[in-house]
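Below you'll find the structure, written out as structure tokens, and then a few comments.
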Amino acid sequence: VEKERKGKQKFLVTGACGFSGSHMIDLLIEEGYEVIATDREDAPRRWLNPEVKFIPSDLLDKRTLDKVVDSVDCIFHPAAIFSYSAPLEDLIRVNVIGTKNLLDVAVANGVKKMVMWSTAGVYDVSKIGDEPIDENGPIGPSNNYEYSKLKQEELAMEYHTAGKINITIIRPAPIYGPRNLYGFANIVFGVSKLPAVIVPIIDNRAVSVHVKDVCGAALFLSQKDEANGEIFNVVDDSDYSYSDINILVAQFLGKPHFKVPIKVSAKPISYVLLGAAKFSRLANKYFPILFDLPLLGGLKYVEEDTARYIAFSYRFSNKKLKSFGYKLKYPDLKDGLPETIQWYKDYGYL
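Count along the sequence shown from 1, add 103, and you get the number used in our numbering.
Quick look at the structure:
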């Protein structure tokens, strides 16, 4: 009976060749749903499940979207430019205008629901106190990527409020897991280039969530009518400082690691990393050979906006998601980091 019910639902996954999208497809196929995968024609399909039907499309061309939404019940929409250094106009064009095109075509074709990926980065982290921020927390994106995702949220909720389509928005913390090659992955790649990890005590907190929990939560919420028109933080139960995370990564990489018992404010470290990121950008352009040196290899993975993150503490509440009944598959970063690092090794990234 369960399989029959599932067979009657048809899902579309955008950004199907990407990190979250490919995992979303794997989950849906594993659960017995009918799935259509879509991404750009030129998107590398190395992670795309061979069982899925793939139809190429372009979020900026409505004509290509018509055929992918045909007879679809629900859309999972992780497709976006995810880059802290992309120009604002590119981010708005794809993340906002592209989403508007998808919504227009979905509404015209009678799609009932969309679960949309946003980011926990839309919150004003400068106002985070000791209590984790819930979904009603202060809004204040700190970079162009986060700003574009906030505008995407506002647009989607306009469609929901107008009664055109049911919208559920998820705000994931930084996502890690197999196939992650940007964002959280940069910590792993950076640490892997160091001969040893020596860090002072930095109390600022970091957050994380495994990709399988992001996809698991998205599927779970797609089946809940009471999630329509709602926003959910998707974050695990971990409570680690930046120092802890670097030590944890070093442990799983088998690197020598030491925590120096000196407490350091995160802001000066952020400024140092900001300088390193600027150096990295110039070196990458003019002197890429520098990254082959043992002590400089890790700098390749430092971005300016990533460096700014370290100046703040991050705490997001997952109480709302749990109150709806979702149970985390990877409640702690330690639960998912070993398999993630093993994946990097197996696929030649480490």
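By construction, the Cβ of each residue, glycine as well, lies at the ideal position given by its N, Cα and C atoms. None of these values were measured; they are calculated from a predicted model.
Notebook entry, point to check: Between the segment 185-203 and the segment 129-144, do at least 3 Cβ pairs fall closer than 8 Å?
Noted result: Taking 8 Å as the limit for Cβ pairs, the verdict is that the segment 129-144 does not touch the segment 185-203.
Next item on the list: Within its chain, find whatever has a CB closer than 7 Å to the CB of Glu249; leave out the 5 residues flanking it on each side and keep chain order.
Entry: So the qualifying residues of the chain are Thr222, Gly224, Val225.
Notebook entry, point to check: Is Tyr433 near Gly439, with beta carbons less than 7 Å apart?
Noted result: Closer than 7 Å, so yes.
Note to self: Going by DSSP in three states, Tyr262 sits in which element: helix, strand or coil?
What the structure shows: Note: Tyr262 maps to helix in three-state DSSP.
Checklist line | CB-CB length for Arg274 against Asn336, believed under 8 Å | finding: Going by Cβ atoms, the distance from Arg274 to Asn336 rounds to 5 Å, so yes, they are a contact pair.
Notebook entry, point to check: Looking only at DSSP bridge pairs, what is Arg308 linked to?
Noted result: Looking at the DSSP output, Arg308 bridges to Ser344.
Item checked: Nearest-angstrom Cα separation, counted from Arg166 out to Pro235 -> Spanning the two alpha carbons is a distance of roughly 43 Å.
Next item on the list: Kindly identify the DSSP beta-bridge partner or partners of Trp220.
Entry: According to DSSP, Trp220 bridges with Ile273.
Next item on the list: Under 6 Å Cβ to Cβ from Cys177, same chain only, skipping five residues before and after it: list those, please.
Entry: Excluding positions up to five away in sequence, the list reads Phe114, Lys216, Ser325.
Checklist line | Cβ shell of Val294 (< 8 Å), same chain only, five flanking positions each side left out | finding: If the five residues before and after Val294 are omitted, its C-beta is found closer than 8 Å to the C-beta atoms of Val300, Asn349, Val352, Ala353, Leu356, Lys358, Gly401, all from its own chain and listed in chain order.
Item checked: Per-residue burial, Lys315 [other beta carbons within 10 Å of its own, 16 or more giving buried] -> Result: buried.
Next item on the list: Please state whether DSSP places Glu442 in a helix, a strand or coil.
Entry: In the structure shown, Glu442 sits in a helix (DSSP, three-state: H, G or I).
Check: What's the C-alpha gap between Lys423 and Asp237?
Finding: Cα-Cα distance, rounded: 8 Å.
Margin query: If you reduce the DSSP assignment to three classes, tell me which class Gly121 lands in.
Written below: DSSP places Gly121 in coil when its eight states are reduced to three.
Next item on the list: Please state whether DSSP places Val116 in a helix, a strand or coil.
Entry: Strand, per DSSP.
Check: Asn421 and Asn331: beta carbons closer than 7 Å?
Finding: No, they are not a contact pair.
Next item on the list: Please determine if the segment 115-130 and the segment 168-183 are in contact, where contact requires at least 3 C-beta pairs separated by less than 8 Å.
Entry: Enough Cβ pairs lie closer than 8 Å, so yes.
Note to self: Determine whether the beta carbon atoms of Pro160 and Val171 lie at a separation below 7 Å.
What the structure shows: The amino acid occupying residue 160 in the given sequence is Ser; Pro does not appear at that position. Ser160 places its beta carbon less than 7 Å from that of Val171.
Next item on the list: Within the same chain, show all residues whose beta-carbon is closer than 7 Å to that of Trp150, passing over the 5 residues directly before and after it, in chain order.
Entry: Contacts found: Cys120, Ser125, Arg282.
Checklist line | Pair within 7 Å by beta-carbon distance, Ser251 and Leu194 | finding: Closer than 7 Å, so yes.
Notebook entry, point to check: Using the C-alpha atoms, what's the distance from Leu258 back to Lys430?
Noted result: Pairing Lys430 with Leu258, the inter-Cα distance amounts to about 29 Å.
Check: Out of curiosity, what's the CA-to-CA distance linking Gly63 and Met127?
Finding: Past the boundaries of the shown model lies residue 63; the chain is included only from 104 to 453, so the question cannot be answered.
Check: DSSP on Glu192, reduced to helix/strand/coil?
Finding: Reduced to three states, the DSSP call for Glu192 is helix.
Check: Is it the case that the Cβ atoms of Tyr345 and Asn289 are separated by a distance below 7 Å?
Finding: No.
Margin query: Per DSSP, what are the beta-bridge partners of Tyr279 in this structure?
Written below: Paired residues: His313.
Notebook entry, point to check: On the premise that Ile278 lies in contact with Phe287, defined as a C-beta separation below 8 Å, what is that separation, rounded to the nearest angstrom?
Noted result: 7 Å between Cβ atoms; contact.
Next item on the list: Have a look at Phe185, Thr271, Pro147, Pro153 and flag the residue whose alpha-carbon is nearest the alpha-carbon of Asp328.
Entry: The shortest Cα separation from Asp328 among Phe185, Thr271, Pro147, Pro153 belongs to Thr271.
Check: What residues in its chain sit with their C-beta under 8 Å from that of His263, if we drop five residues either side in the sequence?
Finding: Take His263, set aside five residues on each side of it, and the residues of its chain with a beta-carbon closer than 8 Å to its own are Asn269, Ile270, Asn331, Gly332, in chain order.
Check: So Lys457 is in the alpha helix (DSSP H); what residue range does that whole segment cover?
Finding: An answer regarding residue 457 cannot be provided, because it is not within the stretch 104 to 453 covered by the chain.
Notebook entry, point to check: From what residue to what residue does the alpha helix (DSSP H) around Ile290 run?
Noted result: Bounds of the alpha helix (DSSP H) holding Ile290 are 287-295.
Next item on the list: Would you list, in sequence order, the uninterrupted alpha helix (DSSP H) runs of no fewer than 4 residues that lie entirely inside the segment 127-198?
Entry: Fully enclosed alpha helix (DSSP H) runs of 4 or longer: 165-172, 191-194.
Next item on the list: Mind reading off the beta-carbon distance from Ala183 to Trp220? Whole number of angstroms is fine, and I expect it under 8 Å.
Entry: By a beta-carbon distance limit of 8 Å, Ala183 contacts Trp220. Their separation comes to about 7 Å.
Check: Which residues share a DSSP beta bridge with Tyr226?
Finding: Looking at the DSSP assignment, Tyr226 forms a beta bridge with Ile242.
Next item on the list: Within 10 angstroms of the Cβ of Ala309, are there 16 or more other Cβ atoms? Answer buried if so, exposed if not.
Entry: Buried, because 16 or more other Cβ atoms sit within 10 Å of the Cβ of Ala309.
Next item on the list: Quick one: grab the DSSP three-state call for Ala337.
Entry: Position check: residue 337 holds Val in this sequence, whereas Ala was assumed. Per DSSP, reduced to three states, the secondary structure at Val337 is strand.
Margin query: Taking the beta carbon of Leu163 as the centre, do at least 16 other beta carbons fall within 10 Å, making it buried, or is it exposed?
Written below: Counting every other CB atom within 10 Å of its CB across the protein chains shown gives Leu163 a total below 16, marking it as exposed.
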